[in-house]
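Right, one structure below, let's go through it.
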Amino acid sequence: FKMDGLENISSMICMLDFLASLDLQDAFLTIAMHPSCYKYLCFDFEGVRYCFIALVFGLSYAPRIFTKMLKVPLSSLRLNGIKCSAWIDDILLVGSSLLSCTSTVSYIISFLEFLGFIIKPSKSHLTPSQSIRHVGFIWDTVRFTVSVPPEKVEAHKVLCSSAISRPISLRFLAKIIGTIDSFKFGCPIAPLHYRSLQLDLVKHLSPTPDWNSLLVLSPSAYSDLFWWLEC
Numbered sequence: 659f660k661m662d663g664l665e666n667i668s669s670m671i672c673m674l675d676f677l678a679s680l681d682l683q684d685a686f687l688t689i690a691m692h693p694s695c696y697k698y699l700c701f702d703f704e705g706v707r708y709c710f711i712a713l714v715f716g717l718s719y720a721p722r723i724f725t726k727m728l729k730v731p732l733s734s735l736r737l738n739g740i741k742c743s744a745w746i747d748d749i750l751l752v753g754s755s756l757l758s759c760t761s762t763v764s765y766i767i768s769f770l771e772f773l774g775f776i777i778k779p780s781k782s783h784l785t786p787s788q789s790i791r792h793v794g795f796i797w798d799t800v801r802f803t804v805s806v807p808p809e810k811v812e813a814h815k816v817l818c819s820s821a822i823s824r825p826i827s828l829r830f831l832a833k834i835i836g837t838i839d840s841f842k843f844g845c846p847i848a849p850l851h852y853r854s855l856q857l858d859l860v861k862h863l864s865p866t867p868d869w870n871s872l873l874v875l876s877p878s879a880y881s882d883l884f885w886w887l888e889c
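The numbering used here applies: residue 659 is where the sequence shown begins, and numbers increase by one.
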């Protein structure tokens, strides 16, 4: 299934726009299940059988169902000229001015609550601003940039430093590569500085790899790690 991608979000935002975000509380639980499905959503505890009557967190198809359902009300908002995008239960709102974005926030909160959703203020960004964190990146409409949050960069540097000081497991190396890969949208040159790490990982993989086995990185892989430590 298709969620709004980062490229779609980026194309929706213009320079100097104002941004806000809404987080839906217990979002999946707002989707009622048909009674015929209850028997598939049961578990036993201390001799008592419990059945979910709403969409269950943790099921592989839950994000798909929720995303397809939320597309319906969001599409109607877009038809009325409102810029909005959802990443599962995290909704980004965009306005060309502080006044228009504030008005949009109020309207959409009322609209979603009318539909039965609950807004979680503690995880929402209700006051429009020109810099906001959304889906793991910082969106700044003044500088017109998308960047990786500083604490994520620092945490990644800790991983790289650990990998330089001692042999590491395949699992640890895969974690470093995965972290770098997650930075790509906010750091387009990231793929240039993990190729050697990928090659080292591939060399040590087998049809049934032992992810806890240790390896010593190649000189070029160390160069990649040093680049991240110095950036």
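Glycine included, each C-beta is placed from N, C-alpha and C at the ideal position.
Backbone CA spacing between residue i and residue j [nearest angstrom]
i: threonine 688; j: histidine 792; result: 22 Å
i: serine 761; j: proline 808; result: 31 Å
i: serine 864; j: leucine 699; result: 38 Å
i: cysteine 889; j: serine 764; result: 41 Å
i: phenylalanine 724; j: tryptophan 869; result: 34 Å
i: leucine 872; j: leucine 756; result: 54 Å
i: isoleucine 746; j: alanine 720; result: 10 Å
i: glycine 753; j: tryptophan 797; result: 14 Å
i: leucine 883; j: leucine 735; result: 45 Å
i: lysine 810; j: tryptophan 885; result: 16 Å
i: isoleucine 822; j: tyrosine 880; result: 7 Å
i: serine 768; j: serine 787; result: 20 Å
i: leucine 855; j: alanine 832; result: 9 Å
i: valine 860; j: asparagine 666; result: 32 Å
i: threonine 866; j: leucine 875; result: 21 Å
Reduced DSSP secondary structure (H/G/I, E/B, other) of residue i
i: arginine 791; result: strand
i: threonine 896; result: Any property of residue 896 remains undetermined from this structure, which presents the chain solely from 659 to 889.
i: aspartate 882; result: helix
i: aspartate 839; result: helix
i: aspartate 747; result: coil
i: arginine 707; result: strand
Buried or exposed (CB count within 10 angstroms, at least 16 for buried), residue i
i: tyrosine 852; result: buried
i: alanine 744; result: buried
i: histidine 814; result: buried
i: alanine 690; result: exposed
i: isoleucine 906; result: No answer is possible for residue 906: the residues shown for the chain start at 659 and end at 889.
i: phenylalanine 659; result: Residue placement at phenylalanine 659 is flagged as unreliable, the pLDDT there being 48, under the threshold of 50; the coordinate-derived value follows with that caveat. Counting Cβ neighbours within 10 Å, phenylalanine 659 comes out exposed, since fewer than 16 surround it.
i: lysine 741; result: buried
i: cysteine 695; result: exposed
i: cysteine 845; result: buried
i: phenylalanine 772; result: exposed
i: phenylalanine 701; result: exposed
Beta-carbon contacts of residue i that lie in its chain and below 7 Å, excluding the five residues immediately before and after
i: histidine 783; result: Ala678, Ser679, Ile790
Rounded Cβ spacing between residue i and residue j (contact assumed at less than 8 Å)
i: phenylalanine 686; j: valine 730; result: That belief does not hold up - the Cβ atoms of phenylalanine 686 and valine 730 are roughly 16 Å apart, past 8 Å.
i: valine 800; j: phenylalanine 843; result: About 19 Å; that fails the 8 Å criterion.
Close beta carbons around residue i, own chain, < 6 Å, minus the five adjacent residues each side
i: proline 849; result: none
Chain C within 8 Å of residue i, Cβ atoms only
i: serine 743; result: The displayed structure is made up of one protein chain only, and chain C is not part of it.
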